[in-house]
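Q: With the first letter of the sequence shown counted as 1, position 131 gets the number 130 in numbering that gives the first Met the number 0; the numbers rise by one all the way through.
All residues carry an ideal CB built from backbone N, CA and C; glycine is no exception.
The model shown is predicted, which means the values in this text are computed figures rather than measured ones.
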Amino acid sequence: MTAPIPRDIPDLPAVPGWATIMPSYVPPTAVIPPARRPLTALFRLGAALAAAGGVTVCMVLGRPLQALTHFTVQANILLALVLAVSAQRAWSAGRPVRPALTGAALLYVLLAALVHAFAVPGRPAFSDPGPGGRWGLAAALLLTVVTPLAALLDWLLLTAPRTLRLRHATAWVLYPLAYLGAALVRSTLLPADAPGRAPYPFLDAAHNGTLGLVGNALLFGLTCYGLGVLLVAVDHLCPGFVRCRPKTGFRLRPPVG
0 MTAPIPRDIP DLPAVPGWAT IMPSYVPPTA VIPPARRPLT ALFRLGAALA AAGGVTVCMV
60 LGRPLQALTH FTVQANILLA LVLAVSAQRA WSAGRPVRPA LTGAALLYVL LAALVHAFAV
120 PGRPAFSDPG PGGRWGLAAA LLLTVVTPLA ALLDWLLLTA PRTLRLRHAT AWVLYPLAYL
180 GAALVRSTLL PADAPGRAPY PFLDAAHNGT LGLVGNALLF GLTCYGLGVL LVAVDHLCPG
240 FVRCRPKTGF RLRPPVG
């Protein structure tokens, strides 16, 4: 004899299905131990000290505020700060400095070296034209030869490649253009006999005229942008000696069975 069938059958629970598990990202440091680079840190620290020493000599030789108006001095100050932070992170196995910042520091010191090589012949010091002597020549050698070469070697040999983008080259031009505009306004408004009227001879309105000044400013901006694009292209073509840290992670899947 069977049991009577109840009139009200309770609701049966839903059949469980597979739970949707989203892929989870695991940082590289969880599976790849961070590596210290003491030799890289020492090289970058030495280059930062060279840039800082050159800037210090320039400020001691002449008027400090006048020395700070030079693009070469400003570029080397930025390079010294970037290399000092990069050295600390290489020593402590920290994350590298953003490529946009390291590329900007490299571009500016290379641009300053090109300007002093082709547009400012026979002017070794970055203060007043008169004082300087051997100290001014040493400062010029540090800021226009030693530090650009050190920054270039650090970028080519000790920095991971294929990290720069074309948008970085566009952003890098903003600061040189702002500096150029301020220098042109200063050269136009100040009298011809004012000290430090033009930080560079090719930006002096009295000697170049309006047409020459506009042509020099246009050439300066195009050179800066072209050099930035060249750095991005070399960054993608050069194989490099330091590999990028991989984005290691695990993708969780539903259990079997």
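1) Is residue 236 helix, strand or coil by DSSP?
2) Can you grab the Cα-Cα spacing for the pair residue 45 / residue 111, in whole Å?
3) Between residue 69 and residue 62, what straight-line distance do the alpha-carbon atoms span, to the nearest angstrom?
4) Are the CB atoms of residue 78 and residue 99 within a distance shorter than 7 Å?
5) Of the residues 74, 231 and 230, which one's Cα is nearest the Cα of residue 178?
6) Just the C-alpha distance for residue 193 and residue 147, rounded to the nearest angstrom, thanks.
7) Can you tell me whether DSSP reads residue 147 as helix, strand or coil?
8) Quick check on residue 235: buried or exposed, where buried means 16 or more other Cβ atoms within 10 Å of its Cβ?
9) Could you have a look at residue 192 and say whether DSSP puts it in helix, strand or coil?
10) What number of angstroms, rounded off, separates the C-alpha of residue 56 from the C-alpha of residue 66?
11) Please state if the CB of residue 154 and the CB of residue 105 are separated by a distance shorter than 7 Å.
12) With 16 as the cutoff for other CB atoms within 10 Å, does residue 114 come out buried or exposed?
A: With the structure as the only source:
1) helix
2) 20 Å
3) So the two alpha carbons sit approximately 12 Å from each other.
4) Not closer than 7 Å, so no.
5) 74
6) 31 Å
7) helix
8) By the 10 Å Cβ count, residue 235 comes out exposed.
9) coil
10) 10 Å
11) yes
12) buried
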